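Undergrad: Numbering (this note's numbering), first residue to last: 995 to 1215.
All residues carry an ideal CB built from backbone N, CA and C; glycine is no exception.
Note that the coordinates shown come from a computational prediction; the quantities given were computed from them, not determined experimentally.
Would you mind keeping the following structure in view while I ask a few things?
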Ligand SMILES: Cc1cc2nc3c(=O)[nH]c(=O)nc-3n(C[C@H](O)[C@H](O)[C@H](O)COP(=O)(O)O)c2cc1C
């Protein structure tokens, strides 16, 4: 496992939109809370639908209980905001949010962020991160990608957003879906400068003949 480095407690804004891969977003929130950070969580109505289909979680769209998705011990630093709560902390540049992460990021939300729509709290939080020059990570999930999708991603990258597609690697030899999820969440945390021990760090492969991967040498990191 990677050696964690210390990071001060911070506020993060996490938006879930209706892209596939809600497990990435759930795990991201869980790890940030476990690390003692405050998380402002927002989810679009489409994210609720994805939660139903991918996590088997029944969410009441009128009174969604997103806090209930997390262990009671983690909820103290979790702030759940309604999607139309445009007065909530992530909507303001003065709230002191360290970074905003949209994970998963649907192509619809990505397009609206790229063009400054700010039609809900998730999009407004991203807009605020861009205008304040604070880290914005979007985790898009779609395949294949159309020219429109690619152009919207390029527009965001040109605005200094970190476009981090949900494309897990396989060189760490994952043995479970959880390890694939942690691969992406680890990548997000790396870009945010948040310490974690979610993935094995790549090491220089052995020069021994026949060995092609650090993981083949029988050494647990
Ligand atoms: C189970 C499920 C999986 C979906 N997967 C994706 C996806 O991977 N990428 C995407 O852009 N849209 C996906 N969609 C469609 C979006 O949810 C839909 O375009 C929605 O309008 C996006 O709204 P939002 O951007 O406000 O969250 C999916 C929908 C469902 C129900």
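Taking only three categories from DSSP, how would you classify residue 1203?
TA: coil
Undergrad: Would you tell me roughly how many angstroms separate the C-alpha atoms of residue 1229 and residue 1208, rounded to the nearest one?
TA: The requested residue 1229 is not part of the displayed model; the chain covers only 995 to 1215.
Undergrad: Since residue 1155 and residue 1132 should fall inside the 8 Å C-beta cutoff, what is the C-beta to C-beta distance between them, to a whole number of angstroms?
TA: 6 Å
Undergrad: Take residue 1163 as the anchor and find which of 1151, 1191, 1196, 1183 has the nearest alpha-carbon.
TA: 1196
Undergrad: Would you call residue 1125 buried or exposed, if buried means 16 or more other Cβ atoms sit within 10 Å of its Cβ?
TA: exposed
Undergrad: Jot down the residue ranges of each uninterrupted beta strand (DSSP E) in the region 1104-1167, minimum 3 residues, whole runs only, in chain order.
TA: 1130-1134
Undergrad: For residue 1028, which residues from the same chain have a beta carbon less than 8 Å from its beta carbon, with the 5 sequence-adjacent residues on both sides left out?
TA: 1068
Undergrad: Hey, quick one: how far does the alpha helix (DSSP H) through residue 1007 stretch, first residue to last?
TA: Taken as a continuous stretch (DSSP letters only), residue 1007 belongs to no alpha helix (DSSP H), being part of the beta strand (DSSP E) at 1005-1010.
Undergrad: In angstroms, rounded to a whole number, what distance separates the CA positions of residue 998 and residue 1187?
TA: Note that residue 998 has pLDDT 46, beneath the 50 cutoff, so the model's placement of it is unreliable and no number is given.
Undergrad: Distance check for residue 1149 and residue 1139, CA to CA, integer angstroms please.
TA: 15 Å
Undergrad: How should residue 1152 be labelled, buried or exposed, when 16 other C-beta atoms within 10 angstroms of its C-beta is the threshold for buried?
TA: Burial call: exposed.
Undergrad: Check each candidate in 1121, 1109, 1066, 1080 and name the one with the smallest Cα separation from residue 1145.
TA: Here the closest residue by C-alpha is 1109.
Undergrad: Per DSSP, residue 1216 forms a beta bridge with which residues?
TA: This structure leaves residue 1216 out entirely; the chain is present only between 995 and 1215.
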